[in-house]
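**Q**
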Amino acid sequence: MTKRLTTALATAGLALAAFIASPAVAQDEEVDRECVAGCREASRDCRFDSREATRLCLEEAGCDILRDDYVDACFAEDADEETCSAAREAYRECKEPCREAHREAADACREAVATCMSDECGIDRPLRRHGRRGGHRRR
68 MTKRLTTALA TAGLALAAFI ASPAVAQDEE VDRECVAGCR EASRDCRFDS REATRLCLEE
128 AGCDILRDDY VDACFAEDAD EETCSAAREA YRECKEPCRE AHREAADACR EAVATCMSDE
188 CGIDRPLRRH GRRGGHRRR
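Read left to right, the sequence shown gives residues 68 to 206 (our numbering).
This is the structure we're talking about:
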């Protein structure tokens, strides 16, 4: 992982930690909309920083060049399967460290917003949009 990526992710983490460590808001029976809005704003900022750090990582790793090679090798009319396969694999290998760092940062953002909602706003861990914590709805 590059120094700029590490710095960007660390900055996002510190910003969230500072927000979460701020004094708790007095709790009523009703949800404090300002508190929830603050948690969501911090979450949006965290996710934005994570996406930008991933873009920077991909750029610095040279993945954009490998993507162009992959497109040229695989989507040309006279595409060669071996050349396409090699270009695809090189592109995937280039992206994987950046994607893994992004997944870790995104998980940290999700955990931070859940902690903020719980600790700062007095709301139990929010349910995911599909109505359950974790995973997708099973059928």
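Virtual Cβ for every residue (Gly too), placed ideally from N, Cα, C.
By alpha-carbon positions, which one of ARG107, ASP147, TYR158 ends up nearest to ASP131?
**A** Considering only alpha carbons, the answer is TYR158.
**Q** Mark ALA128 as exposed unless 16 or more other C-beta atoms lie within 10 angstroms of its C-beta, in which case mark it buried.
**A** ALA128 is buried by the Cβ-count criterion.
**Q** Excluding sequence positions up to five away, which residues of its chain have a Cβ less than 7 angstroms from the Cβ of PHE142?
**A** Nothing listed; no residue qualifies.
**Q** When the distance is taken between beta carbons, is ARG114 closer than 7 angstroms to CYS176?
**A** Contact flag set, yes.
**Q** Residues in its own chain within less than 8 angstroms of ASP147 by CB, not counting five upstream and five downstream?
**A** Counting only Cβ-Cβ distances below 8 angstroms, and skipping sequence neighbours, we find ALA140.
**Q** Taking the runs of the alpha helix (DSSP H) that are 4 residues or longer, which of them lie wholly in the region 112 to 160?
**A** Here the runs fully enclosed are 130 to 141.
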